[in-house]
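Shown next, in structure tokens, is the structure this report addresses.
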């Protein structure tokens with residue numbers, strides 16, 4: 042018999058990936074979802090590490106490096122979104138804690154699990170491109186729900202600005218610490 046917590050977790054991940062706004066409200070209201078949200082972010086970062094390294098010829102160092110870059114990028118994105126959304130662009134009805142926001146946007150990383158398929162030859166860029174856009178869409182919905190925005194455009198602005206800044210940070214980290222191209 043399946044563990045009920047795992048069933049709730051997997052159901053939430055499926056609904057988050059399907060861009061179901063109600064699951065983000067559910068997660069926002071559930072303080073016990075912190076571990077689940079953290080698990081999604083860690084699994085998504087690991088999938089990025091595997092996808093970036095490829096199936097063959099990938100070293101443990103490459104996996105760890107890309108996993109850490111993915112995790113750092115998500116962390117920066119989450120922090121930037123929280124600061125921009127809560128402090129710079131709140132609406133009058135915006136009432137959320139940092140924990141509530143992190144729980145919801147953690148589940149927005151669910152599409153990142155598909156980054157593992159970027160390890161297939163000639164699929165790296167398409168998979169990372171599609172999953173990045175999918176995660177952006179999920180983040181917009183999560184932010185709209187967690188910050189109680191009336192309009193998706195505000196959530197899109199918050200997420201896009203945060204995403205752009207986080208991608209710049211990831212690029213800089215990749216240039217500084219990534220493998221050299223000969």
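In my numbering, the protein residues as written are 42 to 223. Heads up, the beta-carbon is just placed ideally off N, CA and C, and yes, glycines get one too.
Between the alpha carbons of residue 190 and residue 173 lies a distance of about 23 Å.
Here residue 110 is near residue 214, since their CB atoms are less than 7 Å apart.
Of all alpha-carbon atoms in 92, 150 and 128, the one lying nearest the alpha-carbon of residue 116 is that of 150. The alpha helix (DSSP H) runs lying completely inside the region 108 to 170 and spanning 4 residues or more are 139 to 148, given in chain order. The beta carbon of residue 69 sits closer than 7 Å to those of 141, 144, 145, 186 and 187, all from its chain and outside the five residues before and after it, given in chain order.
Rounded to the nearest whole angstrom, the CA to CA distance from residue 203 to residue 91 is 25 Å. Between residue 147 and residue 176, the C-beta gap is not smaller than 7 Å, which leaves the two residues out of contact. Secondary structure note for residue 188: it is in no alpha helix (DSSP H), with a DSSP letter that is neither H nor E.
The C-alpha of residue 166 lies about 21 Å from the C-alpha of residue 118. Residue 45: member of the alpha helix (DSSP H) spanning 45 to 58, first to last residue.
Distance between residue 181 and residue 73, taken at the CA atoms: about 22 Å. Under the three-state reduction of DSSP output, residue 203 falls in the helix class. If you draw a straight line from the Cα of residue 132 to the Cα of residue 64, it is about 22 Å long. Residue 95 carries a coil assignment under DSSP once its states are collapsed to helix, strand and coil.
For residue 58, the closest of 114, 169, 48 and 81 by C-alpha to C-alpha distance is 81.
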